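Asker: Position one of the sequence shown corresponds to residue 41 (my numbering), numbered consecutively onward. Beta carbons: idealized from backbone N, C-alpha and C, even for Gly. Just so it is clear, the structure is predicted and the values come from calculations on it, not from any experiment.
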Amino acid sequence: MRADADKPAAETIERVEGIAERLAFKSRFALVFGEISHQLARTTCERLIALAQESDAPISVLISSPGGHVESADAIHDIIRFIRAPVTTVGAGWVASAGTHIFLAAPKERRVCLPNTRFMIHQPGGGAGGPATDIAIQAKEILRTRERIARVIAKQTGKSYEKVLADMERDFWMNAEEAVGYGIVSRIIESSSELS
41 MRADADKPAA ETIERVEGIA ERLAFKSRFA LVFGEISHQL ARTTCERLIA LAQESDAPIS
101 VLISSPGGHV ESADAIHDII RFIRAPVTTV GAGWVASAGT HIFLAAPKER RVCLPNTRFM
161 IHQPGGGAGG PATDIAIQAK EILRTRERIA RVIAKQTGKS YEKVLADMER DFWMNAEEAV
221 GYGIVSRIIE SSSELS
């Protein structure tokens, strides 16, 4: 009996989510919310490509993420830079780890955040198992990823590579104002009307 009682509520939620998706598309918004995974990357990249195919009008990517899978973040980062439509990244809540990597895909003048957004950069992590040679290979790849991400952050913020590497040694948190000072964010906004 309980399953039947929940059915109308589930259908209502699906209908509301469908409406929200259509409105976000019409408003030219893509959402990166939650942990970054292959599925989130696929959905986000599909949305960005569809929006860019529809027109060259600006797209806003709203990001609130603790981070996640680096290679999935790479896909979103690269698609943002690949499409012809100009993209503005908008930070909300927290933009951490691989989420910061996505945020930095937009040119500095199109990187904004809401007042209570916090940002975090750090070195990538990972678990390794198996034979010693496989562990050594995985460790080498993590170090290469750390260097690559540090170069992206340095290039996009104007900070030296050495400073970024030092800051990434541990979780390096910044509030919105500090992120502006660091060069991650160009400006803090309070309203969607400030996006244009």
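1. Which residue from A81, A125, E86, F69 puts its Cα closest to that of D96?
2. Along the chain, which unbroken stretches of the alpha helix (DSSP H) at least 4 residues long are found entirely within the stretch 124 to 148?
3. Can you list, in chain order, the residues of its chain with a C-beta nearer than 6 Å to that of L154? Leave out the 5 residues immediately preceding and following it.
4. For R150, count neighbouring C-beta atoms within 10 Å of its own C-beta (all shown protein chains included) and say buried if the count is 16 or more, exposed if not.
5. Is A219 helix, strand or coil when you go by DSSP?
6. What is the rounded straight-line gap between the Cα of R70 and the Cα of G170?
7. Just to confirm, are V152 and V72 a CB contact at a threshold of 8 Å?
8. Please work out which residues of its chain come closer than 8 Å, Cβ to Cβ, to T3, disregarding the five sequence neighbours upstream and downstream, and give them in chain order.
9. With a 10 Å radius around its C-beta and 16 neighbouring C-beta atoms as the bar for buried, classify G166 as buried or exposed.
10. In the DSSP assignment, what are the bridge partners of S104?
11. Classify V225 as helix, strand or coil using the three-state DSSP reduction.
12. Let me know the secondary structure DSSP gives R151 once reduced to three states.
13. If you drop the 5 nearest sequence neighbours on each side, which residues of the same chain put their C-beta closer than 6 Å to that of I247?
14. Whole angstroms is fine: what's the gap from G139's alpha carbon to Y201's?
15. Can you tell me whether R158 is helix, strand or coil according to DSSP?
16. Go through its chain and collect everything with a Cβ distance to I76's Cβ below 7 Å, but skip five positions before and after it.
17. Taking 8 Å as the cut-off, decide whether the C-beta atoms of I161 and D207 are in contact.
Answerer: Short version:
1. A125
2. 138 to 143
3. A132
4. buried
5. helix
6. First, the residue type needs correcting, since residue 70 is Ala and not Arg in the sequence shown. Cα-Cα distance, rounded: 39 Å.
7. no
8. Residue 3 lies beyond the residue range present for the chain, which begins at 41 and ends at 236; the question has no answer from this structure.
9. G166 counts as exposed, since fewer than 16 other C-beta atoms from the protein chains shown sit within 10 angstroms of its C-beta.
10. F73
11. coil
12. Assignment of R151 by DSSP, reduced to helix, strand and coil, places it in the strand class.
13. The chain is shown only over 41 to 236; residue 247 falls outside these bounds and no answer can be derived.
14. 19 Å
15. strand
16. S105, G107, G108, H109, S112, A113, A138, G139
17. yes
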